[in-house]
Amino acid sequence: MGKHDVNVLTAVISTAGEAPRELTGKIEHGTPAFWQTNFALFAAGFATFALLYCVQPLMPLFSADFGVSAAGASLALSLTTGLLAVTMLVAGGLSEAWGRKPIMVASLLLSAVLTVICAMVPHWPTLLVMRALMGIALSGLPAVAMAYVGEEMHPRSLGHAMGLYVGGTGLGGMAGRLLTGVITDVWGWRSAVLVIGVLGVLSAAILWRCLPPSRHFVKRELRVVPLVRAFGTHLRDGILPLLFVEAFLLMGSFVTVYNYVGYRLIAAPFSLNQTKIGLIFAVYLFGVVSSAWAGSLSAKVGRRVVLPATLMLMFVGTAITLSNQLWVIVFGVAVLTIGFFGTHSVASAWVGARAQVSKAQASSLYLFAYYLGSSVVGSLGGVFWSLRGWHGVVAMACALLLLAIGIAGWLYRLPSREGRAVVLAK
Numbered sequence: 073m074g075k076h077d078v079n080v081l082t083a084v085i086s087t088a089g090e091a092p093r094e095l096t097g098k099i100e101h102g103t104p105a106f107w108q109t110n111f112a113l114f115a116a117g118f119a120t121f122a123l124l125y126c127v128q129p130l131m132p133l134f135s136a137d138f139g140v141s142a143a144g145a146s147l148a149l150s151l152t153t154g155l156l157a158v159t160m161l162v163a164g165g166l167s168e169a170w171g172r173k174p175i176m177v178a179s180l181l182l183s184a185v186l187t188v189i190c191a192m193v194p195h196w197p198t199l200l201v202m203r204a205l206m207g208i209a210l211s212g213l214p215a216v217a218m219a220y221v222g223e224e225m226h227p228r229s230l231g232h233a234m235g236l237y238v239g240g241t242g243l244g245g246m247a248g249r250l251l252t253g254v255i256t257d258v259w260g261w262r263s264a265v266l267v268i269g270v271l272g273v274l275s276a277a278i279l280w281r282c283l284p285p286s287r288h289f290v291k292r293e294l295r296v297v298p299l300v301r302a303f304g305t306h307l308r309d310g311i312l313p314l315l316f317v318e319a320f321l322l323m324g325s326f327v328t329v330y331n332y333v334g335y336r337l338i339a340a341p342f343s344l345n346q347t348k349i350g351l352i353f354a355v356y357l358f359g360v361v362s363s364a365w366a367g368s369l370s371a372k373v374g375r376r377v378v379l380p381a382t383l384m385l386m387f388v389g390t391a392i393t394l395s396n397q398l399w400v401i402v403f404g405v406a407v408l409t410i411g412f413f414g415t416h417s418v419a420s421a422w423v424g425a426r427a428q429v430s431k432a433q434a435s436s437l438y439l440f441a442y443y444l445g446s447s448v449v450g451s452l453g454g455v456f457w458s459l460r461g462w463h464g465v466v467a468m469a470c471a472l473l474l475l476a477i478g479i480a481g482w483l484y485r486l487p488s489r490e491g492r493a494v495v496l497a498k
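Position 181 of the sequence shown, counting from 1, maps to 253 under the numbering used here, and the rest follow consecutively.
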């Protein structure tokens, strides 16, 4: 059908001569409300990824300090993302009853406090328990944030807003890894985790102070049957389940590379310290740019065109890391990161535009698959690392990405429907 993007109501607006009632008061790009809202959401995305992934560069140290294998050390991340994935399905429903903003603020604040506690616990099992609890606590933010954007942003501004939010997650992922690496070399990994926890508390304060209350959210009583029915509706959709599978594949392959590249670079012949490994993760800055760029590009050429292109970037970047030259490995990680954030920005905005009802549940299903990929595939990568080293990790990630590219090609050929009662996207 051509270009498919968030501006799905253009024909209706131009025909009626005025904005439909459901668009009245929506936040549009270029207004003070847009930048205030996105500042708050950017801070939330920043903190989410910083808190979640600050342990990723520390995995080799966990192996050394606590005497666990690479796959065992990955549990510090995989337990968090696994429980995050499951409890996120419930968190979206709770936000329907309790409101979007209160759930997001409480979720971020509690997660930050648990991260501070992680910096102080003496034993590996206790640290894993704290990280597991953090996954449960953090579940109230990502899916609800996507639903908030879908409800409060004007369709013309949805792609841009989602790109900025995803960009915040990119910067948070970089800061979590970079700051952790630098501080670890100076004061140790516990101090590094403590600093990330404090940054999370400050981000929660920004979210509470700057995020406008929902204006287009209608509070509903929490009932299990309608919640399950909403999930069923989304799973029977012609496109949404494919986007959920894409989320699993793109996040699983991405996290696998990031989980174990530290093991490769800390060993000979590279023998890098934590600061230098952390500096490599500065390529996350490319993710901040590429997420917003991909959101804008999809408005011009369509999501179904941009999605396979960004997945191809991920595949090429992953394959490049097979090189034995450090600068080529860093370049490959950068290409992978650009492709990942572009893909996530496009796919998540597509889910928000596609789901016309129960947006929080649609977002929850997308992010359930997204973080389940991080948990399951991220730990499975440790097995491939133990069996075949870096070649095994790359082979697994590339196989998943080839499957994701095939699904993107299928999505390209499917008919589109971004709304039910309105003229569709251009």
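Ideal Cβ placement from N, Cα and C applies to all residues, glycine included.
What you are looking at is a predicted structure, and each value in this text was computed from that prediction instead of being measured.
In the structure shown, the three-state DSSP call for residue 323 is helix. If you look at residue 208, you'll find it in the alpha helix (DSSP H) that goes 196-210. Residue 427 is positioned such that its CB atom lies no closer than 8 Å to that of residue 314. Membership of residue 185 in the alpha helix (DSSP H) is indicated by the continuous run 172-190. Nearest neighbour of residue 174 by Cα position, chosen from 210, 199, 153, 363, turns out to be 210. Between residue 405 and residue 328, the gap from beta carbon to beta carbon reaches 8 Å or more.
Just measuring C-alpha positions, the residue of 279, 187, 142, 484 sitting nearest residue 270 is 187. The Cβ neighbour count for residue 136, taken over all protein chains shown within 10 Å, is under 16; the residue is labelled exposed. Around the C-beta of residue 192, fewer than 16 other C-beta atoms lie within 10 Å, and the residue is accordingly described as exposed. Cα atoms of residue 256 and residue 346: separation of roughly 7 Å, rounded to the nearest angstrom. Less than 8 Å separates the beta-carbon of residue 431 from that of residue 219. The beta carbons of residue 245 and residue 356 sit about 5 Å from each other, so the pair counts as a contact at 8 Å. Using a Cβ-Cβ distance cut-off of 8 Å, the stretch 139-158 and the stretch 271-280 are not in contact, since fewer than three pairs of beta carbons, one from each stretch, lie closer than that value. Rounded to whole angstroms, the separation of the alpha carbons of residue 280 and residue 104 is 17 Å. Counting only residues of its own chain and dropping the five nearest sequence neighbours on each side, residue 481 has a CB closer than 8 Å to the CB of 380. Boundaries for residue 309: no alpha helix (DSSP H) harbours it, and the DSSP string shows neither H nor E there. Inter-residue distance for residue 258 and residue 367 is about 39 Å (C-alpha atoms, whole angstroms). For residue 135, the enclosing alpha helix (DSSP H) stretches over residues 131-138.
Taking all protein chains in view, the Cβ of residue 97 is surrounded by fewer than 16 other Cβ atoms within 10 Å, so the residue is classified as exposed. Taking a cut-off of 8 Å on C-beta distances, the stretch 415-423 touches the stretch 234-243, as three or more cross pairs fall below it.
Counting every other CB atom within 10 Å of its CB across the protein chains shown gives residue 129 a total of 16 or more, marking it as buried. In this structure the stretch 463-481 touches the stretch 316-330; the number of beta carbon pairs closer than 8 Å is three or more. For residue 378, the CB contacts under 8 Å within the same chain, skipping 5 residues up- and downstream, are 366, 369, 370, 414, 418 in chain order.
Here the alpha carbon of residue 306 sits roughly 32 Å from the alpha carbon of residue 146.
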